[in-house]
Structures are given as structure tokens and as C-alpha cells.
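Working notes for the structure below.
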Amino acid sequence: MTVEQSGPVLQVECLRVAFEHPRGLVRAVDDVSFSLLPGERFGLAGESGSGKSTLALAILRMIKPPGHIEAGDVRFLGASLAGLDDERIRALRLAGIALVPQGSMNSLNPVLRIGHQIADAFVDHGLRLGREETEGRIAALLSEVGLPASVARMYPHELSGGMKQRACIAIAICLRPKVIIADEPTSALDVVVQRQVMATLARVQRDLGAAVILIGHDMGLMAQFVDRLGVMYAGRLVELAPIDKIIARPRHPYTRALIASLPSLERRSTLAGIPGLAPSLLELPAGCAFHPRCGLAVERCRRERPAVRQIEDAAVACHLA
Amino acid sequence: MSQRSSIPLIEAADVSKRFAGRFGRESTLALAGLSLAIDAETPSIIAVVGESGSGKTTLARLLLGLAEPSGGTVRYRGTDLRRLGHAERLAFRRDVQAIFQDPYGVYNPFYRVDHVLWTPVRRFRLAGTRTAARELIGTALRAVGLRPEEILGRFPHQLSGGQRQRVMVARALLLRPKLIVADEPVSMVDASLRATILASLRQLKDEHGISIVYITHDLATAYQVSDKILVLYRAHVVEAGAIEQVVDAPQHPYTQLLISAIPRAETGRQWLASEDGRRAGPPVGDAGCCFADRCPQVRAGCLNRPPGLHRTAPQRAVACVLYREHPALLADALPEVLSDNGAVTGSAAPIPPRFV
């Protein structure tokens with residue numbers, strides 16, 4: 002074992018992403034840091050607009066103007082990605098870090114067979130394989146995600162939602178990445194199919210020894226799938242802790258609200274939403290961005306932005322934690 | 003109460019829908035002989051739960067008169083929807099409102115949000131003066147937790163998804179309907195807003211006496227807002243009854259699978275481990291049980307004989323041979339199981355003993 006393999010596979014360091022807006026600079030990701038161990042399952046949770054998907058794109062340096070990475074760095078196997086030229090970054094995508102974007106199952110090319118779309122990834126990354134080897138690899142990939150080999154000859158419209166999502170996972174793992182980022186991979190699927198797809202993702206991840214970043218807002222799914230969870234609010238990580246600690250004792254009021262908003266199957270009660278709306282990033286409230294929606298807010302929360310503090314296993318940005 | 007022999011507001015009697023196959027393909031059965039009645043007097047929330055392709059949206063479209071059944075009839079106050087006169091049709095259009103899944107698709111981006119609220123006011127002459135109309139719209143918006151000054155005058159893209167969906171609820175409320183058919187109203191909004199919208203649906207029933215058919219694939223939200231549930235699988239009703247009984251002790255193997263597949267925010271992790279890897283195969287066909295190809299408890303008889311409904315309790319019916327010792331229930335008697343029979347809805351009534 003080399004030192005590299007036992008250290009983190011991915012390190013995100015003080016990452017900041019900003020978008021130019023006529024009314025000012027919008028910071029969609031603000032000072033986010035975390036690291037990912039090999040084979041670890043990491044979750045990123047938060048409401049829409051909290052910056053989770055932007056963070057995923059920033060890790061792969063896929064932020065397009067008017068957005069840009071303002072500050073911070075991402076290290077993959079210890080090496081900084083900030084200095085890499087476009088060609089090297091392009092090679093790293095899919096081969097090192099693979100992204101399954103939100104809604105990707107609906108962005109499969111409708112006029113190309115699934116096998117063709119997987120083969121495209123090989124070609125794009127300079128793998129020159131013979132026809133037989135390509136077909137063999139495609140069949141092996143499909144079987145890894147639990148699809149029959151005949152799917153290679155099918156078009157996306159011939160597949161069900163769950164099959165399409167598994168096909169997307171097959172594309173994501175075709176170059177044996179070390180990190181798989183899955184952005185709401187099951188949001189359009191019903192629960193039975195969702196569990197099948199997540200079981201598939203868990204299996205290929207174990208087989209590859211890859212780490213997974215799962216992005217979503219379903220705290221039930223997070224509780225059942227990830228090892229550690231980061232909770233984002235208005236572009237910042239407000240809590241980061243092992244998942245069993247978060248479920249047993251959420252420390253940030255926003256984390257508690259996210260868990261409470263999950264409808265229970267044990268008890269019929271008044272549904273607990275999170276009052277108010279996520280703030281506009283253009284006019285972030287002073288102090289803690291969550292204070293207008295927080296039932297516990299005190300004067301200090303309105304004035305002073307809470308720094309991230311380490312409390313036992315958890316990193317929390319809350320004055321009251 | 004329901005024995006008052008009052009005519010239901012909306013009644014689906016043994017309705018089925020088959021979509022013709024094109025280009026030589028076989029036709030598709032979207033809904034098989036379903037019966038459902040919405041009482042005109044006692045409001046209730048009925049959840050229709052199923053996966054995509056189970057026929058739940060087809061049922062919504064049939065109830066709204068947007069599609070015609072291939073078999074059976076949908077009646078509005080006793081009259082077949084196909085035979086409504088002009089005045090009756092107008093009354094039907096007012097009494098039965100729809101809320102759809104996509105809070106983005108229903109707006110015309112070139113009009114202000116006000117447009118979707120003013121149109122029904124004008125069309126149905128809900129107010130005599132502009133001031134009265136403005137008052138009416140304001141009241142409806144406030145009823146769903148929106149501040150009119152934050153909503154009116156805006157364009158759709160300036161509102162959040164949750165706000166847009168709540169404006170649709172307000173719009174439905176303007177007409178004081180008797181029934182709202184809500185097809186996946188919260189599947190596109192965040193978990194945090196979901197609760198708020200569902201709470202406003204519940205409020206429509208409690209405070210305004212509006213019945214709701216809540217169509218969803220999410221059993222957990224159905225449990226929170228509904229009084230009764232119909233579980234659909236591949237066009238067939240597999241289980242129906244009072245929601246607490248069904249969710250607390252599901253009887254049909256499909257309902258059991260649905261409930262076990264919901265990931266829960268708990269520390270004991272059973273969810274992934276209990277995935278049985280069984281995937282839906284080709285349907286067994288009309289001859290057998292619709293769930294036979296996936297059922298962990300399948301037996302030989304399931305493949306060639308449809309199970310039929312069995313009444314396992316006064317307010318429960320299950321279509322499965324495991325319960326065949328219970329009295330058989332004709333499909334068109336299903337509304338009886340879903341009616342209140344004088345029971346207080348939503349109360350935690352003890353589950354009645356099974357009668358064998």
C-alpha cells in the first residue's frame with residue numbers, strides 16, 4: 002500500500018464558486034471543505050438552491066460562465082486540480098472522477114443504442130479497442146449493473162426508468178473511476194426501483210473500491226446509504242458528521258428540520274415543513290443565513306456568522322450547537 | 003351515513019381503459035375494472051398509490067373527464083359524463099378541479115401569475131366587481147399560506163416551485179369545488195415544502211369540506227394526508243382500505259414490498275440488505291395475478307387464475323389468494339369498503355378482528 006492509497010482520495014479545500022449577476026456577485030458555494038476516503042460513501046444534503054449540484058460541478062471544474070471558481074482547490078489522490086490544463090482535466094473526468102448528473106437518465110441520446118453510448122466513452126478517452134473487445138467490455142459492464150447483455154442493442158425508449166438509470170451507472174463506471182458523484186440518481190423513480198438502483202450503485206462501488214458522493218434531499222435515503230453526511234445551506238456546509246451521529250443527534254437546527262420534514266410511517270401527525278423559503282443568494286441575511294427560518298435564533302445569530310466548530314465527531318456551524 | 007342512499011358526487015363504476023396498440027403492437031390495459039365513489043356530503047381524502055405505469059394517472063384522467071373509459075362508466079351526480087348537458091357540464095367543471103404534477107408546465111410564461119387566478123373568476127363569474135374579485139383571490143392565496151402582495155404581479159419564473167404549486171391549490175380553491183384530483187402534486191418540490199403543500203391539502207378538506215383524490219407514488223405522504231388508500235399495480239387494485247390499517251399491517255405482498263422499500267431516517271441499516279433483487283418480469287397476462295412474476299409468495303395457481311378481491315375486514319379488501327378464506331368481494335362493491343360506514347375518519351380505530 003502506498004501512502005496515497007491510504008490517504009483521502011479527494012480533498013475539497015475552501016472551495017468558492019461565484020456567479021456574476023447584474024445585481025452583484027452570487028456565491029453559490031462558499032468556503033466548502035471536506036475530504037473523501039477511498040471506498041467511502043459521502044452524502045451532500047440540502048434544499049434546491051443550496052449549492053450541492055454546483056459543488057459537484059466545481060469538483061470537476063465544469064462551472065461555466067457567468068460562473069467561476071473564485072478560490073480554493075480540489076485534490077485528487079493528493080494532486081491539485083487547480084493547475085491542470087483543460088486536456089488533463091478532461092481525461093480525469095470519467096476515468097478518475099465520474100459524474101452521474103441530475104436527470105441523466107433522461108439525457109441518454111435517444112437515437113443511439115445503449116452499447117454505442119458506452120463505446121463512445123471508450124473512444125473519447127483514447128481507448129482503442131477492437132470490436133470484439135469493446136462488445137465484451139460492454140456486456141461485462143451491463144452485467145455489473147444488473148442488466149442483460151441484450152440492452153446494448155436497445156434504444157433508451159425501450160428501457161424502464163430504473164434500467165436507464167442503471168445504464169447511466171454503467172457509463173459512469175466504464176473507465177473504473179476512483180470517485181463516483183451521483184446527483185439525485187433516483188429522484189424520478191418509485192421506491193422499489195430506487196432501492197434496486199441504490200443496491201446496484203452500492204455493489205459496483207464496492208467492487209471498484211470507489212468512493213461515492215451522493216447528492217440529494219431525502220434524509221431517509223441518506224440514512225440508509227451514506228457513511229458520512231454534509232448538510233448544505235445557502236452555499237455553506239453547516240453540519241458534517243458520521244451519518245449515525247446525524248440521525249441520532251442532529252446538531253444544526255436546519256439538519257433537524259430536514260429530518261423532521263420526512264413524512265413518518267409510524268405516526269400520523271401534523272406535517273412539519275421548514276417554515277419560510279431558502280434565502281436568495283443575492284440578499285443573504287446577515288449573521289447566520291438560516292436565522293430567519295430558525296425557531297431558536299437569538300440576537301447573536303442575526304449579527305454574527307457562525308464559524309464551523311468541531312464538537313465531538315461533528316463539524317457544525319451554529320452558535321447554539 | 004353513507005347508507006343514506008345519496009347519489010355520489012363522482013362515481014366510477016367498473017371502469018377500465020385500454021389503449022389501442024399501434025403499428026401491430028398489442029393493446030395496453032391501463033386500468034382494469036375499478037370502482038370508486040366520492041361521497042357528495044362527507045369529504046374524504048383517498049390516496050391512489052402505485053408505481054409508474056400502474057394506471058393511477060389514467061384513473062385521474064377518467065375522473066376528470068379528460069379520457070373516456072373503454073368499459074364501465076364515470077358518473078357525475080348520477081349522470082354519465084358522456085351525457086352531461088351544457089349546464090351540468092359547467093357545474094361538473096366547477097365542482098371537480100385538478101392539480102397536476104408539474105407546477106412549471108401549467109403557466110404561460112408570458113402572462114403574470116394573476117392570469118391563472120383571474121381566468122376562473124371571469125369564466126365562472128365568481129365576483130360581481132373587480133374589488134370583490136381581488137378580495138376573493140386574496141382570500142384564496144392566504145388560505146394556502148401565501149401573501150398576495152408577494153405573488154400578484156409576478157411572472158411564473160419569479161416564483162419558486164412550491165409557490166407555483168400553492169398558487170394552483172389557491173386557484174382550485176377559488177371555485178369552491180367539491181373534489182380536487184391532485185396528480186403527484188408534490189413530487190417535484192423539495193421535501194421541506196412538500197409538507198407545507200400537503201398540509202394545505204389537508205386543510206382544504208378539514209376547513210372547506212373538499213374531497214381529494216391524492217394520486218402519488220409516495221406512500222409515506224399518502225399516509226400523512228389521506229383517510230383511505232387504493233393501491234394499484236399494473237392496472238389492478240391490489241389492496242384498498244382505511245389508510246392506517248393498510249400501512250400499519252399491509253396484507254398484499256406488493257403493498258408489503260412498497261412499505262419495506264421506503265428508506266427511513268433510522269440508524270439501524272436494513273434497507274439495502276433487504277433488497278431481494280427480484281425484478282418485474284413480463285406480465286403474467288390477464289389470466290393470472292398481475293403481481294405473480296415478482297411475488298415472493300407466488301404459487302402455481304397464481305399464474306393462471308386472477309385472485310379476485312377478498313374482504314379481510316369491514317374496511318379492507320385485498321386481491322390475493324393468500325386471503326381466499328375471507329369472503330370474496332365483487333369489484334363493483336369496492337366503494338362499500340372505502341365508505342365510512344359511520345366510522346370517524348382519521349381516528350385511530352382499532353383494527354377489527356378478521357372474520358373467517
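Line order of the protein sequences matches chains A and B.
Note that our numbering has the first sequence beginning at 2, numbered continuously upward.
Note that our numbering has the second sequence beginning at 3, numbered continuously upward.
Each residue gets a CB set at the ideal place from its N, CA and C atoms; glycine is no exception.
A distance below 7 Å between beta-carbons, with the five flanking residues on each side excluded, links Thr201/A to the following residues of its chain, in chain order: Val146, Gly147, Arg167, Ile170.
Chain A has a Cβ within less than 9 Å of the Cβ of Gly164/B. Under the 8 Å Cβ criterion, the region 73-91 of chain B does not count as touching the region 260-269 of chain B, having fewer than three qualifying pairs. It is roughly 12 Å from the alpha-carbon of Leu203/B to the alpha-carbon of Glu186/B. Taking 4 residues as the shortest admissible run, the region 283-318 of chain A contains the following complete alpha helix (DSSP H) segments, listed from N- to C-terminal end: 300-304.
Fully enclosed beta strand (DSSP E) runs of no fewer than 3 residues occupy 73-78, 98-101 of the region 72-132 of chain B, in order along the chain.
Fully contained in the region 202-255 of chain B are the following beta strand (DSSP E) runs of length 3 or more, in chain order: 213-218, 230-235, 238-244.
DSSP, read as helix, strand or coil, puts Leu230/A in strand.
Identification of chain A residues near Tyr225/B by a Cβ-Cβ cut-off of 9 Å yields Pro264, Ser265, Leu266, Arg269, ordered along the chain. Among the CB atoms of chain B, none fall inside 9 Å of the CB of Glu133/A. In the same chain as Glu185/A, and ignoring 5 residues on each side of it, the C-beta atoms closer than 7 Å to its own belong to Gln103, Ile216, Gly217, in chain order.
Residues of the region 245-262 of chain A that bring their beta carbon within less than 8 Å of a beta carbon in chain B comprise Asp245, Ile248, Ala249, Ala258, Leu259, Ile260, Ser262, in sequence order. When secondary structure is reduced to three states using DSSP, Lys246/A falls in the helix class. Ranked by Cα distance from Leu176/B, the options Leu128/B, Leu221/B, Gly164/B are led by Leu128/B.
Per DSSP, the beta bridge partners of Gly68/A are Phe20/A.
Under DSSP, the beta-bridge partners assigned to Arg28/A are Ala19/A. DSSP, reduced to helix, strand and coil, places Gly127/A outside both helices and strands of the structure shown, so it counts as coil. A straight-line Cα-Cα distance of about 13 Å links Pro254/A and Gly47/A.
Shortest Cα-Cα distance from Gly211/B to any of Ala201/B, Met190/B, Val188/B, Lys180/B involves Lys180/B. Inclusion of Ser18/B and Leu38/B in the CB contact set at 9 Å is not warranted, their separation being larger than that value. When secondary structure is reduced to three states using DSSP, Gln12/A falls in the strand class. Three or more beta-carbon pairs drawn from the region 229-249 of chain B and the region 307-323 of chain B are found closer than 8 Å, and the two stretches are therefore classed as touching. The Cβ of Leu278/A sits closer than 9 Å to at least one Cβ of chain B. If you draw a straight line from the Cα of Leu232/B to the Cα of Gly52/B, it comes to about 9 Å.
Between the region 219-237 of chain B and the region 43-50 of chain B there are three or more C-beta pairs closer than 8 Å, enough to call the two in contact. Take Met164/A, set aside five residues on each side of it, and the residues of its chain with a beta-carbon closer than 8 Å to its own are Leu148, Val152, in chain order. For the region 41-54 of chain B, the set of positions with a beta-carbon nearer than 7 Å to some beta-carbon of chain A reads Glu53, Ser54 in chain order. At a cut-off of 9 Å between C-beta atoms, Met233/A does not count as an interface residue with respect to chain B.
Taking 9 Å as the threshold, the shortest C-beta distance from Phe226/A to chain B falls below it. Per DSSP, the unbroken alpha helix (DSSP H) holding Gly137/A starts and ends at 132-145. Non-local beta-carbon contacts of Leu297/A in its own chain, meaning distances under 8 Å to residues more than five positions away in sequence, involve Pro254, Leu321 in chain order.
Collapsing the DSSP output to three states places Val75/A in a strand. Spanning the alpha carbons of Pro39/A and Ala96/A requires a straight line of approximately 15 Å. Per DSSP, the beta bridge partners of Val17/B are Leu36/B.
Going by DSSP, Ile60/A is part of the alpha helix (DSSP H) stretching over 53-60. For Asp208/A, there is no enclosing beta strand (DSSP E); the enclosing alpha helix (DSSP H) has its first and last residue at 192-209.
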